[in-house]
Every structure is written in C-alpha cells, then in structure tokens.
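K.L.:
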Amino acid sequence: MVHYPYSDGPLPHIWVMAKPTLELNSKVGVLLQPYLIQFFEGFIIMVGWWLQLLYYTATQSLSWLILLLWLIILSWLILLLWLIILSWLILLLWLIILSWLILLSWLIIIMIIITIIITITIAINIANVIHDSTHNMLYSRHLRLDQ
1 MVHYPYSDGP
11 LPHIWVMAKP
21 TLELNSKVGV
31 LLQPYLIQFF
41 EGFIIMVGWW
51 LQLLYYTATQ
61 SLSWLILLLW
71 LIILSWLILL
81 LWLIILSWLI
91 LLLWLIILSW
101 LILLSWLIII
111 MIIITIIITI
121 TIAINIANVI
131 HDSTHNMLYS
141 RHLRLDQ
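Numbering (full-length UniProt numbering), first residue to last: 1 to 147.
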C-alpha cells in the first residue's frame with residue numbers, strides 16, 4: 001500500500017506539483033504570522049475596548065447622542081483599517097507590476113543588444129561578400145589583361 005501525503009487518493013502527481021507552492025506558502029506564512037497575529041490581536045482588543053466603552057456609555061448615562069458618536073468613531077476606525085489594508089494591497093500590486101516592468105525592460109534591452117549584434121554580423125558578412133566578389137572580379141580582369 002502506497003502512502004500519499006495529505007491525500008487518500010492515488011494522485012501523487014498533484015501532490016508533487018502542489019508541494020513547492022505549499023512550501024512557499026508555509027514559509028511566507030511563517031514569516032508573516034507573528035505580524036498578522038499582533039495586528040489582529042491589537043484590532044480585536046481595540047474593538048473590544050470601544051464596545052465596552054459604548055456599553056458603559058449606553059447603560060450608565062443613556063446618552064444616545066454619545067452612543068451615536070462612539071458608533072461613528074468606531075465606524076471611521078474600521079473604515080480606516082480597511083483603507084490601510086487596501087493601501088497595502090495596492091502598494092503590493094504596484095510593486096509586482098513594477099517588478100514585471102523592470103524585468104520586461106531588461107528583456108527588451110537584451111533583445112535590442114542581440115538585434116544589434118545580429119545586424120552587425122550580417123553587415124560584416126555582406127561587406128565580406130562584396131569585397132570578395134569585387135576582388136575576384138578585379139583579379140579575373142587582371143588575368144584577362146595579362147593574357
């Protein structure tokens with residue numbers, strides 16, 4: 001009986017193809033995990049604190065205006081959090097696009113250099129052919145003149 005890791009079915013090729021991706025994702029996850037945990041723990045603590053403050057304000061003073069003010073502030077904080085996450089995603093997308101553009105520009109530069117080398121090589125070959133044919137023509141004329 002063959003043991004397939006993370007699978008009960010006879011599809012080892014899928015595991016072999018997915019293994020590098022899973023390893024990369026796990027490495028990235030291990031690197032980012034402490035930061036993400038700290039971020040979300042801080043966010044949960046902040047939301048819990050705001051909710052406790054809202055509850056205290058609503059039950060102690062029954063001032064619905066203050067409660068509404070706290071809800072507005074909390075909604076703005078949540079909106080700010082989403083804007084921060086969105087800005088990081090846009091920055092990440094921009095960096096990915098920029099890296100692809102840099103790679104593409106290097107490929108274009110390499111293609112231009114190769115094109116210039118091929119053009120110079122063809123020009124030298126054409127010059128050699130012209131030189132050889134001219135030399136042969138003059139040499140044959142010289143031989144005819146000698147006869």
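Built from N, CA and C at the ideal position, the CB exists for glycine as well.
#1: How many angstroms separate the CA atom of isoleucine 126 from the CA atom of leucine 104?
#2: In terms of alpha-carbon separation, which member of Met46, His135, Ile122 and Ile96 lies closest to isoleucine 78?
#3: Answer yes if the region 80-89 comes into contact with the region 109-117, meaning at least three C-beta pairs across the two stretches below 8 angstroms, and no otherwise.
#4: Is the CB-CB distance between leucine 54 and leucine 80 below 9 angstroms?
#5: Can you have a look at tryptophan 94 and say buried or exposed, based on whether 16 or more other CB atoms are within 10 angstroms of its CB?
#6: Taking only the alpha-carbon atoms, compute the straight-line gap between leucine 69 and leucine 51 and give it to the nearest angstrom.
#7: Where threonine 134 and isoleucine 124 are concerned, what is the direct C-alpha to C-alpha distance, given to the nearest angstrom?
#8: Tell me the rounded alpha-carbon separation between leucine 92 and leucine 98.
#9: From glycine 42 to isoleucine 72, what does the alpha carbon distance come to, in whole angstroms?
#10: If you drop the 5 nearest sequence neighbours on each side, which residues of the same chain put their C-beta closer than 6 angstroms to that of isoleucine 102?
P.N.:
Judging by the given coordinates:
#1: Within the sequence shown, numbered from 1, the residue matching residue 126 stands at position 126. Within the sequence shown, numbered from 1, the residue matching residue 104 stands at position 104. Going by the C-alpha atoms only, they are around 32 angstroms apart.
#2: Position 78 of the sequence shown, counting from 1, holds the residue named residue 78. Cα-wise, what sits closest to isoleucine 78 is Met46.
#3: Pairwise C-beta distances place the region 109-117 out of contact with the region 80-89, as fewer than three of them are shorter than 8 angstroms.
#4: Your numbering for residue 54 matches position 54 in the sequence shown. Your numbering for residue 80 matches position 80 in the sequence shown. Their beta carbons are not under 9 angstroms apart, which means leucine 54 does not touch leucine 80 by this criterion.
#5: The count along the sequence shown starts at 1 and reaches residue 94 at position 94. Exposed: under 16 other Cβ atoms inside 10 Å.
#6: The sequence position of residue 69 within the sequence shown is 69, counting from 1. The sequence position of residue 51 within the sequence shown is 51, counting from 1. Going by C-alpha positions, leucine 69 is about 13 angstroms away from leucine 51.
#7: Translated into the one-based positions of the sequence shown, residue 134 becomes position 134. Translated into the one-based positions of the sequence shown, residue 124 becomes position 124. Between the C-alpha atoms of threonine 134 and isoleucine 124 there is a straight-line separation of about 15 angstroms.
#8: Taking the sequence shown and counting its residues from 1, the one referred to as residue 92 is at position 92. Taking the sequence shown and counting its residues from 1, the one referred to as residue 98 is at position 98. Their Cα atoms are separated by approximately 10 angstroms.
#9: As a working note, residue 42 is residue 42 in the sequence shown. As a working note, residue 72 is residue 72 in the sequence shown. A direct Cα-Cα distance of roughly 20 angstroms separates glycine 42 from isoleucine 72.
#10: Taking the sequence shown and counting its residues from 1, one reaches residue 102 at position 102. Contacts found: none.
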